[in-house]
Amino acid sequence: MPEGPLLHPDDGELLRFADGELSPWRRRRLRKHLAACWQCRTALAELERTIAECVRYRREVLSRCVAEPPEPWVDMRRRIEQWEADKRSGRAGLPAARRLWSRLSPAWLSPQRLAVAAVLAAFVWAQATLILRERDAARPSPVQPVAAPPALPSAAGKSEAPPAAPRAKTASPKPFSAPRQSATAGDELRVFALLRRLGADLGEPVEVSRQGGQVVVAGTGVSPDVERRLAAELSAAPRVSLRFSAPVTELPPPATRSVATAEFRPEAARFLAGLEERLGGRANAEQFVGELIETNDALLAHLHALRRLAERFPPEVEAQLEGDERRLLAGLLGEHGAGAAALASSLEARARAVFSSGGLPAEEGQPKLSGLWQEAAAELLRHARLAESRLANMLEGAASEIPPEALAREWLSNLARLRAATEVFRRRFAE
Amino acid sequence: MLADSLEDSLLNVARARGEAVLKDRIERLFVELRSDVYRYLLSLGLHPPQAQEATQEVFLRLYVALTEDKETIRNPKAWIFRVAHNYGLKVRARGAHELPYDPEVAARLVDPEITPEMSLIERERARRFHQAVENLSEQQRRCLLLRLEGLRYPEIGAVLGISASAVGEFLRRAVVRLRSLADA
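From first to last, the protein sequence lines stand for chains A and B. Under my numbering, the first residue of the first sequence is numbered 580, with each subsequent residue one higher. Under my numbering, the first residue of the second sequence is numbered 68, with each subsequent residue one higher.
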């Protein structure tokens, strides 16, 4: 395949080049371009200067200006041997569990400590009862149930437009409750529900966390419309802090990935020529590949959103949620689970319609998925990443020596597994 | 019978040697990486005693993973940071009622006892750079800190539960935001 001129790479590509993260093919093309382009060489040098400044920052600031460990470091060999001795005597699992056990051992539970604990427990019980009574008295009307999952694109043929990111239909989150001292997991969850309602949890660079007793909603380069709507909804909410900032420089428009602009190995080029023939021309092939990528991105956005929820609401935090907050969380799982399942099914149908001539992968049994939704969300994302990497290798032929036809068969198999796993997730956690 | 017992004892010797070599390796890794892991855990909001304890726990888990769970670990450093990240978040979630630790780097930076050889200008420059890093989003900052520890994009993605391409994008945004300061 003849090598056409390479357009100026953006900062991201230059950074991946500096970090050795480009495929050998793109690295070679970019090196040739740099040899000829003063402008990009200067941009790369500026990038390297920033990297050098980061390294200096780590060496001179982070390494010296954070608190020293409070105790001398243990002798790790001795600690391992201690753990082994405990294990032999049947006293230990992992050290963390062992420490907990040792604190509950009879030696620790002296009569004085038990007496203090009893007084404390009585106090906490009295306080909790008081708070619950007050809350019941002041409880607003229950939150509306989460609406049915949005209509999602059905499995369809190649002519159908790529499924748009489903518009959130989560019911309006319950108003933020009266000021307390610190934001709760429920407050954070209501922010997630609001993001869902605004459609700002699928790909927008918005991050939610709890810091210093507040729910912090932060983002850099968030689209102005989303930023304005978030500010309108959240600026008056107690215990919520908004931190939006504009990028220092304008972000380049998202790279358009199409058959025409991708770089191919000769095998990949032959494969795509075959695809063009099958679909009736280059324009159709470009549209088809574009739809695959869009659908895949939309699917990943749902799975990242699920993974984010899993990260912010692990079982111990989920246990702190109240009844209506649990329903709100279930609604979010429902929408993302249904969205992911529909998109995975759509993606598989598109792929099968075109790539199955080499033989369909055998149907596999019910995929195994963890019983905990947090772990299952991470498993789904792993399945999707595997499928994504196959798709990328197949279309760009960047890092694989496997012929694209074989990759296509593997990809179909990955997609079948992913679709089945998203179905299991939807049935188990999202209905 | 004798052959069986001889074989058993030889196997025990080999296993003991293997474990001794493994303990040596983990001890060396611990000495090499413990400060980096400790610092990373502080950046997640763990208080110094928690971060120190968690760091030691991570290396013990590495030994357990290799001996008990027979896990194959191709890149121990990436594994260590992944486990440290997950364990650190669990510790933070358990202590959600207490404020995350603030390392007060900026205050320490201007303390002439901690940075005696830095000139005023250097301190001010470092303070501004630190402020800019603090103002990055959480994901951008985590990607940057892990990259500074030498992790590759897919490894950072595995730590944070995001794709390698998302790591590239977070890093790009971080570097673009820091560039104006580096050039100043």
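Think of the CB as a built atom: it goes at the ideal place given N, C-alpha and C, for glycine as much as any other residue. All values reported here derive from a predicted model rather than from experimental measurement.
1) I want to see whether chain A comes within less than 8 Å of B:R84, judged by CB atoms only; does it?
2) Taking only three categories from DSSP, how would you classify A:S788?
3) Is A:F892 helix, strand or coil by DSSP?
4) Does B:E165 pass the burial test, meaning 16 or more other C-beta atoms within 10 Å, or should it be called exposed?
5) Just to check my reading of the structure: A:V794 and A:E767 have Cβ atoms closer than 8 Å, yes? What is that Cβ distance to the nearest angstrom?
6) Distance, Cα to Cα, A:S554 vs B:R106?
7) Going by Cα to Cα distance, which pick from A:L871, A:A646, A:E639 and A:L882 is closest to A:D780?
8) Does the distance from the CB of B:V177 to the CB of B:R194 come in under 8 Å?
9) Note down, in chain order, every chain A residue with its Cβ under 7 Å from the Cβ of B:R106.
10) Is the distance from the Cβ of B:V200 to the Cβ of B:H152 below 8 Å?
11) For the structure I just gave you, are there three or more beta carbon pairs, one from the region 197-211 of chain B and one from the region 137-146 of chain B, closer than 8 Å?
12) What residue range does the alpha helix (DSSP H) around A:W662 cover?
13) Expressed to the nearest angstrom, what Euclidean distance is found between the alpha-carbon atoms of A:R628 and A:E600?
14) Give me the DSSP bridge partner(s) of B:L127.
15) Quick one: is A:W617 buried, meaning 16 or more other Cβ sit within 10 Å of its Cβ, or exposed?
16) Cβ of A:E632 within 8 Å of Cβ of B:L187?
17) Any idea if A:N993 is buried or exposed, counting beta-carbon neighbours within 10 angstroms, 16 or more meaning buried?
18) Closer than 8 Å, CB to CB, is A:E954 near chain B or not?
19) In chain B, which residues lie less than 9 Å from A:L960 when you measure between Cβ atoms?
20) Tell me, to the nearest whole angstrom, how far the beta carbon of B:E222 is from that of B:N142; I am working on the premise that it is less than 8 Å.
21) Where does A:V645 fall in DSSP's three states?
22) Against chain A, with Cβ distances strictly below 8 Å, would B:E236 count as a contact?
23) Is DSSP giving A:Q899 helix, strand or coil here?
24) Under 8 Å between C-beta atoms, does A:I659 make it to chain B?
25) Could you give the uninterrupted runs of the alpha helix (DSSP H) lying entirely in the region 159-210 of chain B, keeping only those of 4 residues or more?
26) Measure the C-alpha to C-alpha separation of A:E625 and A:R610 and round it to an integer number of angstroms.
27) B:Q175 versus chain A: which residues are under 7 Å apart at the beta carbon?
28) Is the CB of B:M68 under 8 Å away from at least one CB in chain A?
29) Taking the straight line between their C-alpha atoms, what separation do you get for B:G112 and B:D91?
30) So, does the CB of B:R246 fall closer than 8 Å to a CB anywhere in chain A?
31) Residues of the region 855-880 of chain A with a CB closer than 8 Å to any CB of chain B: list them in chain order, please.
32) Name the chain B residues whose beta carbon is nearer than 7 Å to that of A:Q790?
33) Taking the beta carbon of A:P742 as the centre, do at least 16 other beta carbons fall within 10 Å, making it buried, or is it exposed?
34) Among A:I659, A:L773, A:E856 and A:H612, which has the Cα closest to the Cα of A:V933?
35) Among the residues of its own chain, which have a CB less than 6 Å from the CB of B:F237, if the five just before and after it don't count?
The answer reads as follows:
1) It does not; no Cβ of chain A falls within 8 Å.
2) The answer is strand: DSSP assigns A:S788 an E or B state.
3) Residue state, collapsed to three classes: coil.
4) Counting the other CB atoms within 10 Å of its CB gives B:E165 a total below 16, which places it among the exposed residues.
5) With 8 Å as the limit, A:V794 and A:E767 qualify as a contact, their Cβ atoms being about 5 Å apart.
6) For residue 554 of chain A there is no data in the structure shown, the boundaries of chain A being 580 and 1010.
7) If you compare the alpha carbons of A:L871, A:A646, A:E639 and A:L882 with that of A:D780, the shortest gap goes to A:L882.
8) In this structure, B:R194 lies closer than 8 Å to B:V177 by Cβ.
9) Identification of chain A residues near B:R106 by a Cβ-Cβ cut-off of 7 Å yields L641 and V645, ordered along the chain.
10) No, these two residues do not count as a Cβ contact at 8 Å.
11) Segments in contact, no.
12) Segment M655 to R667, the alpha helix (DSSP H) holding A:W662.
13) Approximately 18 Å, taken between the alpha carbons.
14) Looking at the DSSP output, B:L127 sits in no beta bridge, so it has no partner there.
15) That one is exposed.
16) Not in contact: A:E632 and B:L187 (Cβ atoms no closer than 8 Å).
17) So A:N993 counts as buried.
18) It does not; no Cβ of chain B falls within 8 Å.
19) Residues of chain B with a Cβ closer than 9 Å to the Cβ of A:L960 are, in chain order, G228, I229 and S230.
20) Between the beta-carbon of B:E222 and that of B:N142 there is about 7 Å, and that keeps the pair under the 8 Å contact cut.
21) Looking at A:V645 - three-state DSSP - the assignment turns out to be coil, as it is neither helix nor strand.
22) With a threshold of 8 Å between beta carbons, B:E236 makes contact with chain A.
23) Of the three classes helix, strand and coil, the one that applies to A:Q899 here is coil, per DSSP.
24) Any Cβ of chain B closer than 8 Å to the Cβ of A:I659 would place that residue at the interface, and such an atom is present.
25) Here the runs fully enclosed are 172-176 and 187-201.
26) A direct Cα-Cα distance of roughly 16 Å separates A:E625 from A:R610.
27) Per the sequence shown, residue 175 of chain B should be read as Arg rather than Gln. Per Cβ cutoff of 7 Å: C644.
28) For B:M68, the predicted model reports a pLDDT of 47, less than 50, meaning its position is unreliable; a value from the coordinates is still stated below. False, the Cβ-Cβ gap to chain A never drops below 8 Å.
29) One C-alpha to the other measures close to 31 Å.
30) Yes, B:R246 lies at the interface with chain A (some Cβ there is under 8 Å from its Cβ).
31) Under the 8 Å Cβ criterion, the region 855-880 of chain A contributes L879.
32) What A:Q790 touches in chain B: P167.
33) Here the model assigns A:P742 a pLDDT of 38, short of 50, so the residue's position is not dependable and the matter cannot be decided.
34) Answer by Cα proximity: A:E856.
35) Closer than 6 Å at Cβ, skipping near neighbours: Q206, Q207 and C210.
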